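First the structure, in the form of C-alpha cells, and then the observations on it.
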Amino acid sequence: MTRILVPLFLLSLGASAQIGDLSEHVSLIKQLVPNSTRFGVFYNPNDGSIDGQVAKATQDTGIQAVKSPIKSIREVSSSVRSMAKYQVDFIVLIEDKVVTGKNAIKFVVKQTVKKKIPVFTVSEAAFSGGALGQFVNNGGKWQVKINGKLLPKFDISVPDGSDQFIIVEE
Numbered sequence: 537m538t539r540i541l542v543p544l545f546l547l548s549l550g551a552s553a554q555i556g557d558l559s560e561h562v563s564l565i566k567q568l569v570p571n572s573t574r575f576g577v578f579y580n581p582n583d584g585s586i587d588g589q590v591a592k593a594t595q596d597t598g599i600q601a602v603k604s605p606i607k608s609i610r611e612v613s614s615s616v617r618s619m620a621k622y623q624v625d626f627i628v629l630i631e632d633k634v635v636t637g638k639n640a641i642k643f644v645v646k647q648t649v650k651k652k653i654p655v656f657t658v659s660e661a662a663f664s665g666g667a668l669g670q671f672v673n674n675g676g677k678w679q680v681k682i683n684g685k686l687l688p689k690f691d692i693s694v695p696d697g698s699d700q701f702i703i704v705e706e
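For the sequence shown, our numbering gives the first residue as 537, with consecutive numbering after it.
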C-alpha cells in the first residue's frame, strides 16, 4: 500500500468539478484545529480526481496531506497506523463503499479515537458510525455537523457563535 507525504511544493495543480469541496472542507476543519500542519486522506485509488482535490486543498490551506489509498477493508488497519506515524492532525474520508462502509468506519473510528485523531466525512453512515464530523451542504454553504458526544475526546474547540458548526448529540 502506498502512503505519500505530499509537501506543498511538490503538488501539481489539477482541476475537476469537485475540487472546491475538499478545499472548503479542510478550511473548515482548520478552524477547529487551527495549529494543524498535516491531514490524512483515505480514498479509493480508482477515483482519478483525488490528486487534484488534494493539491488544491493543500495549496489553499497550507496544510500538508498524507494520502492513503484503500482498495479493501483489509488495508484499513495499516492505513490508520500510517496516519498516526505521519502525525496527522485529522483525517478526511472520501466517500466510497470501502472507505466509508459500515465495517471500515467502525475500525477507523475505534483506532483514531484511541490515537486522538478526529475523522471527518461527507457520509451520513460514517458519521453515524462514529466520525467526529460530517460535512453538510446547507443551501450552498458548507457546514460541519459535530458529534457532541465524541467532542470531549479530542483537543478541539468549536468557535463560539459560528453558524459553520452544528453540535449534535448522536
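Glycine included, every Cβ here is placed at the ideal spot set by N, Cα and C.
As the structure is a computational prediction, the values presented were derived from the model and not from experiment.
- Contact between residue 569 and residue 625 holds: CB atoms are separated by about 5 Å, below the 8 Å threshold.
- Around the beta carbon of residue 605, a 10 Å sphere encloses 16 or more other beta carbons of the protein chains shown; the residue is thus reported as buried.
- Within a 10 Å sphere around the beta-carbon of residue 609 sit fewer than 16 other beta-carbons, which makes this residue exposed.
- At a Cβ-Cβ threshold of 7 Å, residue 681 and residue 704 count as neighbours.
- Secondary structure note for residue 700: it is in no alpha helix (DSSP H), with a DSSP letter that is neither H nor E.
- Here residue 700 is near residue 679, since their CB atoms are less than 7 Å apart.
- The residue from 640, 651, 563, 581 with its alpha-carbon nearest to that of residue 659 is 640.
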